[in-house]
Amino acid sequence: MKLSEAKAGDCGVVQTVSGSHHLISRLIGIGIVEGSRIQVVQNQKNQPVLFYCRESIIALSKQDCEGIEIEGGRA
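Following numbering that gives the first Met the number 0, the numbering of the sequence shown begins with 0 at its first residue and continues without gaps.
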């Protein structure tokens, strides 16, 4: 599923990261790469997606999260 579609409490492993070269470079810089474990903290309408990854809470726009595919489910 896309990270933008995940609900609070969902956990997963990043399968693919796609988007512009700039976005991919940014995501790699903060540690979001294939194989990273993610736990969604908050995903509300008209708000950024908050998730826990590599001992950090990260906020990304839903548009940026469209290119992050995760595999997993509820915690």
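Backbone N, C-alpha and C fix where the C-beta goes; we use that ideal spot for every residue, glycine too.
Nearest candidate by alpha-carbon position, reference residue i, set the options
i, options, result
"Leu26", "Gly71, Glu70 and Arg53", "Arg53"
"Gly18", "Ile56, Ile67 and Ser35", "Ile67"
"Gln62", "Arg36, Gly11, Ile69 and Gln46", "Gln46"
"Val8", "Gln43, Ser60 and Glu65", "First, the residue type needs correcting, since residue 8 is Gly and not Val in the sequence shown. Cα-wise, what sits closest to Gly8 is Gln43."
"Gly11", "Gln38, Phe50, Ile56 and Cys64", "Gln38"
Status (buried if at least 16 other CB within 10 Å, exposed otherwise) for residue i
i, result
"Ala58", "exposed"
"Ile29", "exposed"
Same chain, Cβ closer than 8 Å to residue i, neighbours up to 5 away in sequence not counted
i, result
"Val32", "Val13, Val16 and Leu26"
"Val48", "Leu2, Ser3, Ala5, Val39, Gln41, Asn42, Ala58, Leu59, Ser60, Lys61 and Cys64"
Same chain, Cβ closer than 7 Å to residue i, neighbours up to 5 away in sequence not counted
i, result
"His21", "none"
Whole-angstrom C-beta distance between residue j and residue i, which should lie under 8 Å
i, j, result
"Lys1", "Cys64", "7 Å"
Cβ neighbours of residue i in the same chain (closer than 6 Å, five flanking residues each side left out)
i, result
"Glu70", "Gly11, Val12 and Gln14"
"Ser35", "Val13 and Cys52"
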